[in-house]
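A short write-up of the structure that comes next.
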Amino acid sequence: MALEELQAKSEISELVGKFSNLEVDVPAQMALFTKDTHVQVYMGETKAFDIHGVEELEKIFSQFTVAVKRSHHMNGQHVIKVNGDTATGILYCRAALVTEEDGKEILTDHCIFYEDVYEKQDGKWLIKARTSHFVISDKHILGE
77 MALEELQAKS EISELVGKFS NLEVDVPAQM ALFTKDTHVQ VYMGETKAFD
127 IHGVEELEKI FSQFTVAVKR SHHMNGQHVI KVNGDTATGI LYCRAALVTE
177 EDGKEILTDH CIFYEDVYEK QDGKWLIKAR TSHFVISDKH ILGE
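Converting from the sequence shown to this note's numbering requires adding 76 to each position, the first position being numbered 1.
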């Protein structure tokens, strides 16, 4: 494996790690996507969102995360294939989100995998396209 490929994989891994580390800081996350990004979100087999462009993405992510009081993301396996200034990747993630309903804290735990397309622009790797697959979601009162 060439040094350039190893460097690209390291930079891409840092990119997706930064996305998760930002948790629900949506404006900061938007800097990690290309302006013309395409994001699709599946809840099980159902397509919930088909988002075009970073402006639409910010609007939808902001609406989705406005009620989140606390969150925790954990990334797992991440397989990346680099082809020059583009790359693809599959990333497994677990996201726990705490909201409040009727005065009780609700924990929603998601098991997700992302199918990503990355693009290097101006020397920086960005997410060009992402298909999010929420394969398991569990919601219950926190502590019960």
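Built from N, CA and C at the ideal position, the CB exists for glycine as well.
**Message:** For residue 155, report the span of its alpha helix (DSSP H) as first-last.
**Reply:** As a first step, residue 155 is located in the sequence shown; it is residue number 79 there, counting from the start. Unbroken run through residue 155 is the beta strand (DSSP E), 146 to 159; no alpha helix (DSSP H).
**Message:** Could you check whether the Cβ of residue 144 sits closer than 8 Å to any Cβ belonging to chain C?
**Reply:** Chain labels in this structure do not include chain C; a single protein chain is all it has.
**Prompt:** When you compare only the Cα positions, how much space is there between residue 103 and residue 134?
**Reply:** To locate residue 103, count along the sequence shown from 1; it is residue 27. To locate residue 134, count along the sequence shown from 1; it is residue 58. Distance between the alpha carbons of residue 103 and residue 134 is about 7 Å.
**Message:** Give me, in chain order, the residues of the same chain whose beta-carbon lies closer than 8 Å to that of residue 111; leave out the 5 immediate sequence neighbours on both sides.
**Reply:** Working through the sequence shown from its first residue, we reach residue 111 at position 35. Cβ within range, chain order: 129, 130.
**Item:** Distance between residue 115 and residue 144 (C-alpha atoms, nearest Å)
**Value:** Counted from its first residue, the sequence shown places residue 144 at position 68. Counted from its first residue, the sequence shown places residue 115 at position 39. Roughly 21 Å between the two C-alpha positions.
**Asked** Which one of 167, 193, 140 has the shortest CA to CA distance from residue 100?
**Response** The residue given as residue 100 occupies position 24 in the sequence shown. The residue with the shortest Cα to Cα distance from residue 100 is 140.
**Selection from 147, 197, 207 that minimises the alpha carbon distance to residue 84** = Position 8 of the sequence shown, counted from the start, is the residue given in the question as residue 84. Residue 197 is the option with its Cα nearest to residue 84.
**Asked** When DSSP builds the beta bridges, which residues end up paired with residue 140?
**Response** By 1-based counting over the sequence shown, the position of residue 140 is 64. DSSP lists no partner for residue 140.
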